[in-house]
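Counting in the numbering used here, the sequence shown runs from 196 upward without gaps.
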Amino acid sequence: MGISVQDAMRRSPLPFAITRGVERKLVYANSAFSRLAGIAKGETPGVPIATVFTGTEGGALSALLDRAARDGVELLDQRIDSSSERASGWQCSVWPVITDDGRAEAFGIEIRESGSPGAALDLQRQVAEQLLLGALRERSLADDAEAANRANTAFLGAMSHELRAPLNAIGGYIELLDLGLRGPVTDDQRADFARVKTNQQHLALLITEVLNFARAGSGGVSYAVSDINGCDALRHAIQLIEPLIAQRGLVFDGISGDSSIVARADPEKVAQILVNLLSNAIKFTPAGGHISAECAVVDDTVTLSISDTGPGVPRDKFGAIFGRFVQLKEGLADRESGVGLGLAISRDLARAMNGDLTVESTEGKGARFTLSLPRASEHTQPLSG
196 MGISVQDAMR RSPLPFAITR GVERKLVYAN SAFSRLAGIA KGETPGVPIA TVFTGTEGGA
256 LSALLDRAAR DGVELLDQRI DSSSERASGW QCSVWPVITD DGRAEAFGIE IRESGSPGAA
316 LDLQRQVAEQ LLLGALRERS LADDAEAANR ANTAFLGAMS HELRAPLNAI GGYIELLDLG
376 LRGPVTDDQR ADFARVKTNQ QHLALLITEV LNFARAGSGG VSYAVSDING CDALRHAIQL
436 IEPLIAQRGL VFDGISGDSS IVARADPEKV AQILVNLLSN AIKFTPAGGH ISAECAVVDD
496 TVTLSISDTG PGVPRDKFGA IFGRFVQLKE GLADRESGVG LGLAISRDLA RAMNGDLTVE
556 STEGKGARFT LSLPRASEHT QPLSG
């Protein structure tokens, strides 16, 4: 079995370290360097090289690093006289590690006792450069990925805003036509208008979902946290969605739990999460199925749950369904669907309020989604939903 570059550096008998910044602070030191410098395990990061060695070596080594930085050159096998307590001096090498764009972001340091063999010097230096360049490239890739994510989020937000205006206009003109303001309307035409209106509303909901995702990704979501009654929050969300329950031929079994339970959260965000959970339950539960809600408390956590008797969620998908742009297709071919952002946004909102969103399910027997929120102090007055 091979060893990694990091392991090779750590095990090397040659003292080696990496410094960064104008203060030449150590960001890495292998075991041999730490022993030579008397650095305790775990104390390496952030220690200036000038303070590591208290004798003449520290000043001389700092001077070498300054010179290498100023001139952009390697300084190999430079002799440094030892302090009085040392029997021999050092042979020191310092060199800039150059990134792909030509910048010297760090410096490697290698120390050998005068007269010690140097056959491994070039190999050691190559390995050191590989180690540091790898770390710098990883950081650069992470920065690029973050910038790309911000750009994508901004694009989604802008496009969502641009699409909402013409969609609203389409909806408005359909209403005018349906009212007969442009002339008599036949029953067949009204049926066609209804289909157009349904699809317009569905597309508007998808765009709203994408816009909410863009806002969350850009950090543009603010929270007005207060004390809210858990059962009242469930009741309010159900009132908003109740017409759809009847329209789909579903049965709502009511809200169970303690009506005095109080959570600490943003009422609007809680409503958004609960409406999304209820909408999913309605969407995926066949006619004649049941939906129920429950408010409970465990220690310092309030739980608001929505249960249904739909097809359920496969156990191996429990994590995936909270991902962005993820949808489960099994058995739902004839159902309208979103873009797979609702649960991802809902969980992000829950976690931003120091809560969480989880799922329990037995495939074929329904699912139970639970919003967990911090319990409010007993001495505060809750806001009703």
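Here a beta-carbon is modelled for each residue, glycine too, at the ideal position from N, C-alpha and C.
Predicted, not measured: the structure shown is a model, and the values here were computed from it.
Query                                                                                                                 : Result
D422 beta carbon less than 7 Å from that of V465                                                                      : no
Alpha carbon of D373 to alpha carbon of Q395, nearest angstrom                                                        : 14 Å
Cutoff 6 Å; reference S500; Cβ partners in own chain excluding five residues on either side                           : E489, R563, T565
Member of G216, R219, L231, G425 whose CA lies at the smallest distance from the CA of L209                           : L231
As assigned by DSSP and simplified to three states, the class of T246                                                 : helix
Counterpart residues of C287 in DSSP-defined beta bridges                                                             : Q273, I306
Cα-Cα separation between G313 and W285, rounded to whole angstroms                                                    : Below a pLDDT of 50, predicted positions are generally treated as unreliable, and G313, at 49, falls in that range; the measurement from the model is reported next regardless. Roughly 12 Å separates the two Cα atoms.
Alpha-carbon to alpha-carbon, T496 and S572                                                                           : 11 Å
For Y418, three-class secondary structure by DSSP                                                                     : coil
Pairwise C-alpha distance: Q467 and I486                                                                              : 18 Å
Reference L358, options R459, G233, I402, closest by Cα                                                               : I402
7 Å Cβ cutoff met for L260 and F211                                                                                   : no
Residue range of the unbroken alpha helix (DSSP H) whose run includes K464                                            : 462-479
Neighbourhood of E558 by C-beta distance below 8 Å, restricted to the same chain and skipping five residues each side : P506, G507, V508, P509, R510
Residue nearest to A469 in terms of C-alpha spacing, selected from T381, T504, L568, V493                             : Reading the sequence as shown, one finds Leu at residue 469 and not Ala. If we check each option's Cα against that of L469, L568 comes out closest.
V292 beta carbon less than 7 Å from that of L270                                                                      : no
Neighbourhood of T498 by C-beta distance below 6 Å, restricted to the same chain and skipping five residues each side : A491, T565, S567
Close Cβ partners of N549 (< 7 Å) along its chain, the five nearest in sequence each way excluded                     : P569
Span separating the alpha-carbon of I436 from that of Q384                                                            : 28 Å
Whole-angstrom C-beta distance between T504 and G561, which should lie under 8 Å                                      : 4 Å
Beta-bridge pairing of S502 - partner residues as DSSP gives them                                                     : S487, R563
Own chain, CB closer than 7 Å to A432, minus 5 neighbours either side, in chain order                                 : A466, L469, V470, L473
Minimum Cβ-Cβ distance from L566 to chain D less than 7 Å                                                             : This model lacks chain D altogether; it includes just one protein chain.
Selection from A386, A441, D494, G484 that minimises the alpha carbon distance to S502                                : G484
Coil, strand or helix - I452 by DSSP                                                                                  : Reading off the sequence shown, one finds Gly at residue 452, where the question assumed Ile. Looking at G452 - three-state DSSP - the assignment turns out to be strand.
DSSP bridge partner residues for K220 (one or two, in chain order)                                                    : R215, P243
Range of the contiguous alpha helix (DSSP H) that encloses D543                                                       : 537-547
Beta-carbon gap between A245 and G233 smaller than 7 Å                                                                : no
Close-in-space but distant-in-sequence residues of the same chain around F479 (CB under 6 Å, 5 per side omitted)      : G505
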